[in-house]
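Using full-length UniProt numbering, you'd call the opening residue of the sequence shown number 1 and step up by one each time.
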Amino acid sequence: MTKTAQTVEEYLLYLEEKGFHLAEDARGFILFGQQYTRAADEMVIFTIEWTLKVQKEFDGSFFVSLLENLTSNRISNQKQAIQYLKSSGMI
(Lines of atoms letter the chains of each structure in order from A and count residues from 1; the text may use other names and numbers.)
(Lines give C-alpha, C1' and ligand atoms only; values in the text may rest on other atoms or scores of the structure.)
Protein backbone atom coordinates (compact mmCIF):
# COMPACT_ATOMS: atom_id res chain seq x y z
CA MET A 1 0.00 0.00 0.00
CA THR A 2 1.06 3.52 -0.51
CA LYS A 3 0.83 4.53 3.15
CA THR A 4 0.84 2.57 6.38
CA ALA A 5 -1.89 2.04 8.99
CA GLN A 6 -4.62 4.33 7.82
CA THR A 7 -8.37 4.36 7.66
CA VAL A 8 -10.33 4.28 4.43
CA GLU A 9 -11.29 7.92 4.96
CA GLU A 10 -7.63 8.90 5.42
CA TYR A 11 -6.77 7.02 2.24
CA LEU A 12 -9.50 8.82 0.30
CA LEU A 13 -8.16 12.15 1.56
CA TYR A 14 -4.67 11.05 0.48
CA LEU A 15 -5.99 10.31 -3.03
CA GLU A 16 -7.59 13.76 -3.16
CA GLU A 17 -4.31 15.38 -2.10
CA LYS A 18 -2.68 13.57 -5.03
CA GLY A 19 -5.32 14.97 -7.38
CA PHE A 20 -7.53 11.90 -7.72
CA HIS A 21 -11.08 12.88 -6.79
CA LEU A 22 -13.71 10.20 -6.37
CA ALA A 23 -17.33 11.06 -7.06
CA GLU A 24 -19.87 10.82 -4.27
CA ASP A 25 -21.32 7.63 -5.76
CA ALA A 26 -17.86 6.03 -5.64
CA ARG A 27 -17.63 6.83 -1.95
CA GLY A 28 -21.05 5.25 -1.56
CA PHE A 29 -19.86 2.04 -3.24
CA ILE A 30 -16.81 1.98 -0.99
CA LEU A 31 -18.88 2.43 2.17
CA PHE A 32 -21.45 -0.12 1.00
CA GLY A 33 -18.75 -2.64 0.08
CA GLN A 34 -16.99 -2.30 3.41
CA GLN A 35 -20.22 -2.65 5.39
CA TYR A 36 -21.53 -5.50 3.23
CA THR A 37 -18.33 -7.56 3.47
CA ARG A 38 -17.26 -6.37 6.93
CA ALA A 39 -13.78 -5.96 5.47
CA ALA A 40 -10.98 -4.31 7.40
CA ASP A 41 -9.69 -0.93 6.24
CA GLU A 42 -6.49 -2.56 4.95
CA MET A 43 -8.44 -4.78 2.56
CA VAL A 44 -10.76 -1.99 1.43
CA ILE A 45 -7.77 0.24 0.65
CA PHE A 46 -6.07 -2.59 -1.23
CA THR A 47 -9.24 -3.17 -3.24
CA ILE A 48 -9.56 0.54 -4.07
CA GLU A 49 -5.96 0.52 -5.31
CA TRP A 50 -6.47 -2.56 -7.47
CA THR A 51 -9.75 -1.27 -8.85
CA LEU A 52 -8.00 1.90 -9.96
CA LYS A 53 -5.02 -0.01 -11.40
CA VAL A 54 -7.08 -2.54 -13.33
CA GLN A 55 -9.99 -0.33 -14.43
CA LYS A 56 -8.00 2.94 -14.80
CA GLU A 57 -10.91 4.63 -12.99
CA PHE A 58 -13.16 3.75 -10.10
CA ASP A 59 -15.72 1.11 -11.08
CA GLY A 60 -18.08 0.48 -8.19
CA SER A 61 -19.34 -2.92 -9.30
CA PHE A 62 -15.79 -4.16 -9.93
CA PHE A 63 -14.74 -2.85 -6.51
CA VAL A 64 -17.59 -4.57 -4.64
CA SER A 65 -17.10 -7.81 -6.57
CA LEU A 66 -13.35 -7.89 -5.90
CA LEU A 67 -13.79 -7.02 -2.22
CA GLU A 68 -16.46 -9.70 -1.89
CA ASN A 69 -14.17 -12.29 -3.52
CA LEU A 70 -11.28 -11.37 -1.24
CA THR A 71 -13.33 -11.53 1.94
CA SER A 72 -15.21 -14.70 0.98
CA ASN A 73 -11.83 -16.38 0.47
CA ARG A 74 -10.80 -15.21 3.96
CA ILE A 75 -8.01 -13.02 2.60
CA SER A 76 -7.00 -10.61 5.33
CA ASN A 77 -3.78 -8.93 4.22
CA GLN A 78 -2.06 -7.52 1.17
CA LYS A 79 0.32 -10.47 0.71
CA GLN A 80 -2.55 -12.97 0.63
CA ALA A 81 -4.51 -10.69 -1.70
CA ILE A 82 -1.66 -10.49 -4.20
CA GLN A 83 -1.29 -14.27 -4.14
CA TYR A 84 -5.03 -14.60 -4.74
CA LEU A 85 -4.93 -12.15 -7.66
CA LYS A 86 -2.02 -14.06 -9.20
CA SER A 87 -3.80 -17.39 -8.85
CA SER A 88 -6.92 -15.82 -10.39
CA GLY A 89 -4.94 -14.54 -13.37
CA MET A 90 -5.55 -10.87 -12.60
CA ILE A 91 -1.82 -10.18 -12.36
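Positions of the beta carbon are idealized from the N, C-alpha and C atoms, including for glycine. Every value quoted in this text rests on a predicted model; they were computed, and no experiment measured them.
Euclidean distance between Cα positions of PHE29 and LYS18: 21 Å
Closest Cα partner of ARG74 within the set PHE58, GLU24, THR37, ILE91: THR37
Distance between beta carbons of PHE63 and ILE48, contact taken as under 8 Å: 7 Å
ASN77 (DSSP reduced to helix, strand or coil): coil
Uninterrupted alpha helix (DSSP H) stretches inside the stretch 41-69 (no shorter than 4 residues): 41-55
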